[in-house]
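Worksheet for the structure shown next.
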Amino acid sequence: MLSMRARIAVLAGAVVVLGAGAFAYVRSAADRPAPQPSFATVSLTPGPRLLTVTDRHLAVVPAGNPGGERTVSAVECVRAYAAAGTGICLRQSTPWAYQVVVLDADLHDRRAIDIPGLPNRARVSASGRMVSWTTFVGGDSYTSSGFSTRTGILDTVGGAYVTTLEDFAITRDGRPYRAVDVNFWGVTFAADDTTFYATMSTAGHRYLVRGDWVARTVETLRDNVECPSLSPDGTRIAFKQAIGGDPLKGWRLSVLTLSSGTVVETAEPESVDDQAAWLDNATLAYTLRRGDGQPDVWAVPADGTGESRLLIPGAESPSPL
Numbered sequence: 011m012l013s014m015r016a017r018i019a020v021l022a023g024a025v026v027v028l029g030a031g032a033f034a035y036v037r038s039a040a041d042r043p044a045p046q047p048s049f050a051t052v053s054l055t056p057g058p059r060l061l062t063v064t065d066r067h068l069a070v071v072p073a074g075n076p077g078g079e080r081t082v083s084a085v086e087c088v089r090a091y092a093a094a095g096t097g098i099c100l101r102q103s104t105p106w107a108y109q110v111v112v113l114d115a116d117l118h119d120r121r122a123i124d125i126p127g128l129p130n131r132a133r134v135s136a137s138g139r140m141v142s143w144t145t146f147v148g149g150d151s152y153t154s155s156g157f158s159t160r161t162g163i164l165d166t167v168g169g170a171y172v173t174t175l176e177d178f179a180i181t182r183d184g185r186p187y188r189a190v191d192v193n194f195w196g197v198t199f200a201a202d203d204t205t206f207y208a209t210m211s212t213a214g215h216r217y218l219v220r221g222d223w224v225a226r227t228v229e230t231l232r233d234n235v236e237c238p239s240l241s242p243d244g245t246r247i248a249f250k251q252a253i254g255g256d257p258l259k260g261w262r263l264s265v266l267t268l269s270s271g272t273v274v275e276t277a278e279p280e281s282v283d284d285q286a287a288w289l290d291n292a293t294l295a296y297t298l299r300r301g302d303g304q305p306d307v308w309a310v311p312a313d314g315t316g317e318s319r320l321l322i323p324g325a326e327s328p329s330p331l
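Residues in the sequence shown are numbered from 11 upward in steps of one, following the working numbering.
Set out below in structure tokens:
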């Protein structure tokens, strides 16, 4: 039987890998019946609108009035993102299985891939060509918590894809590195559709890595960076930073300037367990959950000034169209 200290260590490992509350939320989404709102036609055509997931359905709101009238589609997703008329939807295929689905601008399925585990992150490159997803999975023998992550990338034009980044060649602190406990999550793409950034976890550290899709390589850049999101101008990365380097204490939504290495914390006072989206080069959007687990989309300036504000109540997975 495990000692109390060992039990605490196991629990801590689970929180680090999963992020607070994410497993319970996605699982509950699979169990509860879906509401039946009045559905309408939704398009991913670029325009002044924000895409969200509302009650597990894709929905859009006007960018100039995000708290205003919401148009909800019949397309169900647990996580979603869109750019340049291409969408990614992580959805249930059976009561206990999920798919990553690439959508066209009219929300028609272009391609579907079965994925293991529970959906957590989704991203599309600015051009609409590259898509990525992250899921929580169980059963890896090296994890004391029983859970780890799988992150895949798909080139929607060339058709090539990988279901895990763990096979990429890793350089850590300037040296080749391999370890059985490596996990990746939270991909964000650069404008060239070759360079990407992500989080790599190994040996108790959570690194920001820069990857090369063509070369199948990643290299570490900085410690204590999770769920990176590259700004539209490619100069900064928004991320969640573990307080005191300890995810058990929560996360601060922060922004890293790539050229200088300078980090500023945003004015959001709550712990943010999400991969933020850039609404523009000055503003971040992200999901916070109420005490009952229901999500709201909030926004905050990226430069550390101002204050956070409620943007879209009862929604999650924001992305600007």
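We put the beta carbon where it would ideally sit given N, CA and C, even for glycine.
Exposure of D283, with buried meaning 16 or more beta-carbon neighbours within 10 Å = Sequence index remark: in the sequence shown, residue 283 carries index 273 (1-based). Buried: at least 16 other Cβ atoms inside 10 Å.
T198: which of A50, V85, A92 sits nearest, CA to CA?
-> Here residue 198 is taken as the residue at index 188 of the sequence shown, counted from 1. Measuring from the Cα of T198, the nearest candidate turns out to be A92.
Check L258 in the structure and name its three-state DSSP category.
-> Stepping through the sequence shown from its first residue, residue 258 is reached at position 248. If DSSP states are grouped into helix, strand and coil, L258 belongs with the helices.
Assuming V265 and A312 form a contact by the criterion Cβ under 8 Å, report the distance between their Cβ atoms to the nearest whole angstrom.
-> Indexing the sequence shown from 1 puts residue 265 at position 255. Indexing the sequence shown from 1 puts residue 312 at position 302. The pair is a contact, with the Cβ atoms about 5 Å apart (cut-off 8 Å).
Assign G138 to buried or exposed, taking buried as 16 or more other Cβ atoms, counted over all protein chains shown, within 10 Å of its Cβ.
-> On the sequence shown, residue 138 is found 128 positions in, with the first residue counted as 1. When all chains shown are included, G138 counts as buried.
T51: first and last residue of the uninterrupted beta strand (DSSP E) it sits in = Locating residue 51 in the sequence shown gives position 41, counting from the first residue. Element bounds for T51: n/a, residue is neither H nor E.
Out of V147, V70, A94, T205, state which residue places its alpha-carbon closest to the alpha-carbon of S83.
-> Counted from its first residue, the sequence shown places residue 83 at position 73. Residue V70 is the option with its Cα nearest to S83.
Range covered by the beta strand (DSSP E) that runs through D119 | Translated into the one-based positions of the sequence shown, residue 119 becomes position 109. Residues 119-125.
Taking Cβ positions, are S269 and T245 nearer each other than 8 Å?
-> Taking the sequence shown and counting its residues from 1, one reaches residue 269 at position 259. Taking the sequence shown and counting its residues from 1, one reaches residue 245 at position 235. Yes, they are a contact pair.
In terms of residue numbering, what span does the beta strand (DSSP E) encompassing S142 cover?
-> The residue you call residue 142 lines up with position 132 of the sequence shown. That run of the beta strand (DSSP E) goes 140-148.
G324 to D65, Cα distance in whole Å?
-> Residue numbering aside, residue 324 sits at position 314 when the sequence shown is read from its first letter. Residue numbering aside, residue 65 sits at position 55 when the sequence shown is read from its first letter. The straight-line gap from Cα to Cα measures roughly 8 Å.
Candidates T173, E280, H215, L117: which alpha carbon is nearest R226's?
-> Mapped onto the sequence shown, residue 226 falls at position 216. Out of T173, E280, H215, L117, T173 has the C-alpha closest to the C-alpha of R226.
Please work out which residues of its chain come closer than 6 Å, Cβ to Cβ, to R89, disregarding the five sequence neighbours upstream and downstream, and give them in chain order.
-> Along the sequence shown, one-based indexing puts residue 89 at 79. Once the five neighbours on either side are set aside, the close Cβ partners of R89 are L100, P129, A132, S327.
With respect to the beta strand (DSSP E) encompassing A208, which residues constitute its N-terminal and C-terminal limits?
-> Within the sequence shown, residue 208 is the residue found at index 198, counting from 1. Start and end: 205-212.
Determine the closest residue to V192 out of L113, D202, T209, T166, with distance taken between C-alpha atoms.
-> For the purposes of this step, residue 192 is taken as residue 182 along the sequence shown, with counting starting at 1. Cα-wise, what sits closest to V192 is T209.
Opposing strand residues paired with C99 [DSSP bridges] = By one-based count along the sequence shown, residue 99 stands at place 89. A90, V111, per the DSSP bridge assignment.
Does the ligand MG have even one heavy atom less than 7 Å from the beta-carbon of N130?
-> Judged by which ligands are present, the structure shown has none, so any question about the ligand MG falls away.
Between the CA atoms of V147 and T161 - distance to the nearest angstrom | One-based indexing of the sequence shown puts residue 161 at position 151. One-based indexing of the sequence shown puts residue 147 at position 137. Spanning the two alpha carbons is a distance of roughly 10 Å.
Start and end of the beta strand (DSSP E) containing A248?
-> By 1-based counting over the sequence shown, the position of residue 248 is 238. Element bounds for A248: 246-252.
Using 10 angstroms around the beta-carbon of S239, count the other beta-carbons present and answer buried if the total reaches 16, otherwise exposed.
-> Your numbering for residue 239 matches position 229 in the sequence shown. It counts as buried.
Can you tell me the Cα-Cα spacing of P58 and S281, whole angstroms?
-> Here residue 58 is taken as the residue at index 48 of the sequence shown, counted from 1. Here residue 281 is taken as the residue at index 271 of the sequence shown, counted from 1. Between P58 and S281, the C-alpha separation is close to 29 Å.
Could you check where the beta strand (DSSP E) with P238 kicks off and where it finishes?
-> Within the sequence shown, the letter at position 228 stands for residue 238. For P238, the enclosing beta strand (DSSP E) starts and ends at 236-240.
When the Cα atoms are used, what is the spatial distance from S329 to N291?
-> For the purposes of this step, residue 329 is taken as the residue at position 319 of the sequence shown. For the purposes of this step, residue 291 is taken as the residue at position 281 of the sequence shown. Their backbone Cα atoms lie some 13 Å apart in a straight line.
When you compare each of R300, G271, T104, W261 to Q285 by their alpha carbons, which one comes out closest?
-> Within the sequence shown, residue 285 is the residue found at index 275, counting from 1. Minimum Cα distance to Q285 is reached at W261.
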